[in-house]
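Number of protein chains: 2
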Amino acid sequence: MATLAHHQTHNLFSKHSFLTKPSSSRPPRATRVRMSLQENAPSLAVVGVTGAVGQEFLNVLSDRDFPYRSIKMLASKRSAGKQLSFEGRPYTVEELTHDSFDGVDIALFSAGGSISKQFGPAAAKEKGTIVVDNSSAFRMDDGVPLVIPEVNPEALSGIKVGSGKGALIANPNCSTIICLMAATPLHRRAKVLRMVVSTYQAASGAGAAAMEELELQTREVLEGKPPTCKIFNQQYAFNLFSHNAPILSNGYNEEEMKLVKETRKIWNDPNVKVTATCIRVPVMRAHAESVNLQFEKPLDEETAKDILKTAPGVVVIDDRASNRFPTPLEVSNKDDVAVGRVRRDVSQDGDYGLDIFVCGDQIRKGAALNAIQIAELLL
Amino acid sequence: MATLAHHQTHNLFSKHSFLTKPSSSRPPRATRVRMSLQENAPSLAVVGVTGAVGQEFLNVLSDRDFPYRSIKMLASKRSAGKQLSFEGRPYTVEELTHDSFDGVDIALFSAGGSISKQFGPAAAKEKGTIVVDNSSAFRMDDGVPLVIPEVNPEALSGIKVGSGKGALIANPNCSTIICLMAATPLHRRAKVLRMVVSTYQAASGAGAAAMEELELQTREVLEGKPPTCKIFNQQYAFNLFSHNAPILSNGYNEEEMKLVKETRKIWNDPNVKVTATCIRVPVMRAHAESVNLQFEKPLDEETAKDILKTAPGVVVIDDRASNRFPTPLEVSNKDDVAVGRVRRDVSQDGDYGLDIFVCGDQIRKGAALNAIQIAELLL
């Protein structure tokens with residue numbers, strides 16, 4: 001892990017294994033030394049490198065031995081000048097400007113929608129950079145692929161690193177990625193007609209500061225003190241609340257409508273019916289989702305489990321005898337999305353409905369990992 | 001509040017207002033003195049008086065000035081002999097035996113299904129006691145009314161205190177009560193055909209020990225220590241998991257099937273289609289439920305809100321502009337069930353579907369209050 005992350009989010013990512021269950025199978029990414037940088041590999045830029053997802057970009061690049069010949073660490077003016085160590089080399093965080101993308105083949109953006117809008121299209125058009133953007137800025141734009149590599153890699157056709165042509169590619173919203181990782185293999189077999197989703201979303205979706213606020217609030221509440229509410233407008237510790245995204249005119253919040261609209265685009269199916277209720281729960285970094293599915297063709301639960309067991313990026317945890325099913329904590333810091341509680345929906349006729357419960361790491365597969373998997377497809 | 005509860009669950013019920021938001025509008029129930037006991041009022045017994053629901057029975061009896069001429073405090077042998085104070089009078093907890101119900105008009109049971117089975121039917125049959133039972137032991141039995149007073153009071157017809165005839169009456173499961181408090185007023189107008197429920201259930205449903213375990217685990221995890229797992233088989237702090245009820249052969253857990261079956265019985269509608277996914281979240285004493293409704297007749301969201309606003313026992317919290325909706329913490333220690341996020345379901349045609357989000361205090365309306373409201377109807 002880069003030292004900056006270690007410093008900034010010490011409690012959340014490093015110290016308290018029971019808060020977020022970090023994987024410890026590999027040496028820390030800050031000091032782990034890649035044998036050699038590759039001359040022919042792409043030059044990279046990480047935009048928003050000091051944020052929770054930015055830091056996870058570095059973790060995933062290192063974990064997956066993503067090839068690169070150089071890497072720029074970009075952030076706002078406020079963070080510029082900070083030092084960080086990545087794979088045994090020191091880096092200085094640079095201020096993000098339009099010139100930052102000179103000679104950059106792939107830029108991984110996670111610095112919010114307004115930064116993406118300000119710098120993403122220009123980088124793609126003027127500098128020939130392939131921008132993989134984690135914000136919602138371009139997701140629904142025509143001509144911008146919205147991609148989960150296991151689901152719709154074909155949307156990337158024609159985009160290739162080294163072609164000299166830049167591009168904008170959007171990373172879907174975390175809830176959409178985690179939901180569709182589980183629903184898509186079933187959709188391919190039986191065609192989903194309607195999907196009713198209720199989410200249990202972690203603090204991490206609102207950034208590292210939200211994770212810190214949840215931890216701080218929890219300490220305060222246990223001491224009988226009023227909780228500090230800066231990121232959210234109400235108590236989060238030992239509580240849950242409707243997702244803090246703005247409410248739209250139809251009464252849905254933006255997070256919910258992302259699930260509705262992004263599913264249609266990713267599945268290339270404007271008719272699929274989706275509703276969602278998005279709730280924040282006091283969990284650190286992995287989302288859970290209760291998903292009710294209605295199919296066009298029959299699909300029994302054993303077949304569904306078999307399909308999920310062989311689906312890439314999916315692991316089935318469904319032990320009825322010992323009541324073990326996916327939990328956010330167990331998938332934290334893991335690549336795979338976990339699915340369980342797979343069962344025939346008793347409220348639907350025959351085998352035309354299933355209920356499932358899905359958990360996935362919001363920062364990893366819900367953001368950084370998915371973006372880097374997209375970049376891998378472009379090499 | 002009875003002193004026993006104050007002693008036993010000090011942290012959860014009294015000290016840490018930010019854990020459970022106790023109401024403080026009335027003097028403590030232990031010392032609050034009722035002007036006079038009523039000679040013509042029924043004699044009461046509270047079975048399981050040392051448990052979380054048992055203690056709340058006392059709170060609610062006091063809060064509602066429930067008339068009584070005597071009250072027996074009953075519990076297991078282990079708790080017998082303990083002293084407690086209620087409404088300014090000292091009581092000794094007595095061991096529960098068959099003879100406990102001699103001369104008892106109304107017995108409020110919350111000591112688990114096996115105790116209910118052992119003592120409930122005998123008390124009703126042999127002692128003429130009206131048993132209001134909070135366990136699941138008799139809920140689905142023919143001839144046992146399963147009652148939410150705001151929903152199906154007619155199921156109590158023929159049962160009356162003072163008639164000399166005993167009876168068994170079942171209190172529905174907490175999740176069912178909270179869901180149907182919101183869904184029934186809409187059902188009456190537009191007839192619910194299908195309901196998809198995902199729950200966010202508090203620790204209290206597993207008793208006071210589970211609430212204490214959540215608090216203890218949270219402290220441990222914040223100190224970097226492994227969490228104590230006695231009540232549940234896995235970490236609860238900063239995590240969530242599929243409800244710990246046993247899984248049935250159809251893949252649903254018992255908690256979920258209670259929602260399915262109890263709804264049919266309470267609505268007297270064997271055809272209503274219900275599915276549920278029940279999840280435990282790290283919240284102390286109030287449940288939340290995401291409920292998707294499909295109607296036979298059209299029901300637009302404004303009409304639905306108007307109906308809910310005038311429904312007894314329901315409060316609407318639905319402020320889209322400031323993103324304020326029901327939360328478990330806000331309904332903790334409150335009588336009313338809160339409903340919000342009322343919106344037309346975009347995945348259904350026209351006005352035939354709604355999504356709502358419901359919160360209710362599990363110990364209060366989900367258990368003790370509902371049982372005492374039943375008893376009030378029998379006076």
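Chain order of the listed sequences is A and B. Per our numbering, the very first residue in the first sequence carries number 1; after that it's consecutive. Per our numbering, the very first residue in the second sequence carries number 1; after that it's consecutive. For every residue, glycine included, the Cβ atom is placed at its ideal position computed from N, Cα and C.
Along chain B, which residues have their Cβ under 9 Å away from the Cβ of residue i?
i, result
"D269 of chain A", "In chain order: nothing, as chain B lies at least about 13 Å away."
"T327 of chain A", "Q234, Q235, N239, L240, F241 and S242"
"V260 of chain A", "V346 and S347"
Just the Cα atoms here: how many angstroms apart are residue i and residue j?
i, j, result
"R69 of chain A", "D63 of chain A", "16 Å"
"R344 of chain A", "I159 of chain B", "40 Å"
"D133 of chain A", "N152 of chain A", "16 Å"
"M211 of chain A", "A182 of chain B", "33 Å"
"T176 of chain A", "T218 of chain B", "30 Å"
"N173 of chain A", "V260 of chain A", "11 Å"
"R29 of chain A", "G207 of chain A", "21 Å"
"K191 of chain B", "E215 of chain B", "41 Å"
"E95 of chain A", "G162 of chain A", "25 Å"
"S24 of chain B", "N333 of chain B", "Low per-residue confidence applies at S24 of chain B: pLDDT is 49, beneath 50, and the placement is therefore not dependable, though the value from the model is reported in the following sentence. Taking the straight line joining both Cα atoms gives about 10 Å."
"S322 of chain A", "V315 of chain B", "39 Å"
"D351 of chain A", "D300 of chain A", "5 Å"
"R78 of chain B", "G54 of chain B", "15 Å"
"K225 of chain B", "N239 of chain B", "15 Å"
"R264 of chain A", "N250 of chain B", "31 Å"
"A304 of chain A", "R188 of chain A", "11 Å"
"E302 of chain A", "G81 of chain A", "55 Å"
"N271 of chain B", "E213 of chain A", "46 Å"
"E255 of chain A", "Q118 of chain A", "22 Å"
"Q234 of chain A", "D361 of chain A", "24 Å"
"D335 of chain A", "C179 of chain A", "14 Å"
Establish whether the CB of residue i and some CB of chain A are separated by less than 8 Å.
i, result
"S114 of chain B", "no"
"I374 of chain B", "no"
"L222 of chain B", "yes"
"I307 of chain B", "no"
"I300 of chain B", "Ile is not the amino acid found at residue 300 of chain B; the sequence shown has Asp there. So no, D300 of chain B is outside the interface."
"R341 of chain B", "yes"
"V337 of chain B", "no"
"P145 of chain B", "no"
What residues of chain B sit near residue i, judged by a beta carbon separation below 7 Å?
i, result
"M284 of chain A", "F238"
"T218 of chain A", "T218 and L222"
Residues of chain A with a CB under 7 Å from the CB of residue i: which are they?
i, result
"I402 of chain B", "Because residue 402 of chain B is not part of the residues shown, which for chain B are 1 to 379, the question remains open."
"N292 of chain B", "V196 and T275"
Please decide whether residue i counts as near chain B, where near means a Cβ-Cβ distance under 8 Å.
i, result
"T184 of chain A", "no"
"K273 of chain A", "yes"
"L19 of chain A", "yes"
"Y252 of chain A", "yes"
"Y68 of chain A", "no"
Just confirm the distance between the C-beta atoms of residue i and residue j, as a whole number of angstroms; I'd bet it's less than 8 Å.
i, j, result
"I363 of chain A", "E56 of chain A", "5 Å"
"G48 of chain A", "A111 of chain A", "3 Å"
"R139 of chain B", "A170 of chain B", "4 Å"
"V46 of chain A", "L19 of chain A", "Contact doesn't hold; Cβ gap of about 25 Å is too wide."
"T277 of chain A", "S157 of chain A", "No, T277 of chain A and S157 of chain A are not in contact; Cβ-Cβ is about 35 Å, not under 8 Å."
"F109 of chain A", "E376 of chain A", "The Cβ separation is near 17 Å, so there is no contact."
Show which residues of chain B have a CB atom less than 8 Å away from the CB atom of residue i.
i, result
"F357 of chain A", "S242, T277 and I279"
"A288 of chain A", "L240 and I279"
"Y200 of chain A", "Y200, L240, I279 and V281"
In chain A, which residues lie with their C-beta within 8 Å of the C-beta of residue i?
i, result
"D345 of chain B", "T275"
"P227 of chain B", "F18"
Would you call the region 30-40 of chain A and the region 334-350 of chain A touching, i.e. three or more CB-CB distances under 8 Å? no
Do the region 183-203 of chain A and the region 272-289 of chain A touch if we need at least three Cβ pairs shorter than 8 Å? yes
Counting pairs of beta carbons, one from the region 287-296 of chain A and one from the region 219-231 of chain A, are three or more of them closer than 8 Å? no
Quick check: the region 96-108 of chain B against the region 122-132 of chain B, are there 3 or more CB pairs under 8 Å? yes
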